[in-house]
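Colleague: The structure under discussion is supplied below as structure tokens; questions concerning it will follow.
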Amino acid sequence: MRQLNKNEKMLAAAVAVSLLVMVLKLLVIEPVSTKFKNTGDEINAFTLAIKKYSALEAQKDFILGEYKKIEPYLNFKGNPEDKMAAVLSRIELEASKAGLTIVDMKPDSAQSGPNAELSISRVQLNAEADISRIMSFIYSLENADLLIRIEKFNLALKDENIGTMKLEASIIGISI
Numbered sequence: 007m008r009q010l011n012k013n014e015k016m017l018a019a020a021v022a023v024s025l026l027v028m029v030l031k032l033l034v035i036e037p038v039s040t041k042f043k044n045t046g047d048e049i050n051a052f053t054l055a056i057k058k059y060s061a062l063e064a065q066k067d068f069i070l071g072e073y074k075k076i077e078p079y080l081n082f083k084g085n086p087e088d089k090m091a092a093v094l095s096r097i098e099l100e101a102s103k104a105g106l107t108i109v110d111m112k113p114d115s116a117q118s119g120p121n122a123e124l125s126i127s128r129v130q131l132n133a134e135a136d137i138s139r140i141m142s143f144i145y146s147l148e149n150a151d152l153l154i155r156i157e158k159f160n161l162a163l164k165d166e167n168i169g170t171m172k173l174e175a176s177i178i179g180i181s182i
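Structure follows, in structure tokens:
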């Protein structure tokens with residue numbers, strides 16, 4: 007075998023150093039940098055989660071206050087027929103308290119919401135009374151311990167002489 011001259015020796019050394027650097031990069035540097043990158047991503051994910059939880063912690067009193075507002079409505083359990091019956095009986099009770107004369111009241115429909123625990127009961131109500139009794143009825147329904155809301159209503163004058171009004175209302179009862 008012949009002796010390598012100076013240029014060939016330098017070229018062989020450069021190739022050997024290049025191969026050593028490539029092998030070192032492939033076997034040591036890339037796995038370590040990948041590990042650091044993955045660790046950095048995990049740290050960022052944990053930091054984001056901590057920020058979210060700390061924001062929730064800062065709003066804890068507000069969230070608990072809002073939960074206490076809806077907590078009475080969460081105890082309304084049973085099948086859709088029971089829920090509709092409870093809505094109808096509550097409407098009847100509030101109407102009798104306010105002195106409203108119910109002409110016609112019929113359940114319109116009971117629907118389930120996006121999840122199985124949410125149901126919406128609709129009731130069509132026709133009643134008669136003077137305006138103060140109707141307003142008392144609406145106020146007591148809106149403040150009932152069941153989540154009952156008047157979706158739409160129509161007031162018309164029935165008897166001008168005695169001031170009797172005719173109420174047609176679409177009422178919804180929501181149970182969670």
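Residue numbers (the working numbering): 7 to 182.
We put the beta carbon where it would ideally sit given N, CA and C, even for glycine.
Remember, it's a predicted structure, so these values are computed and weren't measured experimentally.
1) Between the segment 90-109 and the segment 128-146, can you find at least three pairs of beta-carbon atoms closer than 8 angstroms?
2) Could you give the distance in angstroms between the alpha-carbon of F52 and the alpha-carbon of L32?
3) For I140, which of K89, L161, E36, A22 has the nearest alpha-carbon?
4) Using the Cβ count rule (16 or more neighbours within 10 Å means buried), how would you classify R96?
5) Could you tell me the distance, in whole angstroms, from the CA atom of A18 to the CA atom of M28?
6) For A175, which three-state DSSP category applies?
7) When you compare each of L153, N167, L62 to P78 by their alpha carbons, which one comes out closest?
8) Hey, how far is the Cα of Q65 from the Cα of A55?
9) Can you give me the C-alpha to C-alpha distance between I225 and I76, rounded to a whole angstrom?
10) Tell me, which residues are paired with A133 by DSSP?
11) Taking A133 as the reference, which of S39, I49, I177, L30 has the closest Cα?
12) So what does A162 bridge to, in DSSP terms?
13) Less than 8 angstroms separating the beta-carbons of P86 and S39?
14) So I108 and E98 are supposed to be a Cβ contact under 8 angstroms. How far apart are they, rounded?
15) Closest to E166 by CA distance: which of G84, D110, D136 is it?
16) What residue from I49, Q130, V21, A150 has the CA that sits closest to K158's CA?
17) In whole angstroms, give me the CA-to-CA distance for G71 and I35.
Modeller: In short:
1) The answer is yes - the segment 90-109 touches the segment 128-146, with three or more Cβ pairs under 8 angstroms.
2) Taking the straight line from one Cα to the other gives about 30 angstroms.
3) The option with the nearest alpha carbon to I140 is L161.
4) By the neighbour-count rule (16 or more Cβ atoms within 10 Å), R96 is buried.
5) Rounded to whole angstroms, A18 to M28 spans 15 angstroms at the Cα level.
6) A175 falls in the strand class under three-state DSSP.
7) Here the closest residue by C-alpha is L153.
8) Straight-line Cα distance between these residues: approximately 15 angstroms.
9) Outside the shown range of the chain (7 to 182) lies residue 225, about which nothing can therefore be said.
10) Partner(s): I108, L173.
11) Measuring from the Cα of A133, the nearest candidate turns out to be I177.
12) Answer is K172, bridged to A162.
13) In this structure, S39 does not lie closer than 8 angstroms to P86 by Cβ.
14) In this structure I108 is in contact with E98, their Cβ atoms being roughly 7 angstroms apart against a cut-off of 8 angstroms.
15) The shortest Cα separation from E166 among G84, D110, D136 belongs to D136.
16) Between K158 and the set I49, Q130, V21, A150, the nearest pair of CA atoms involves Q130.
17) For G71 and I35, the distance between alpha carbons rounds to 54 angstroms.
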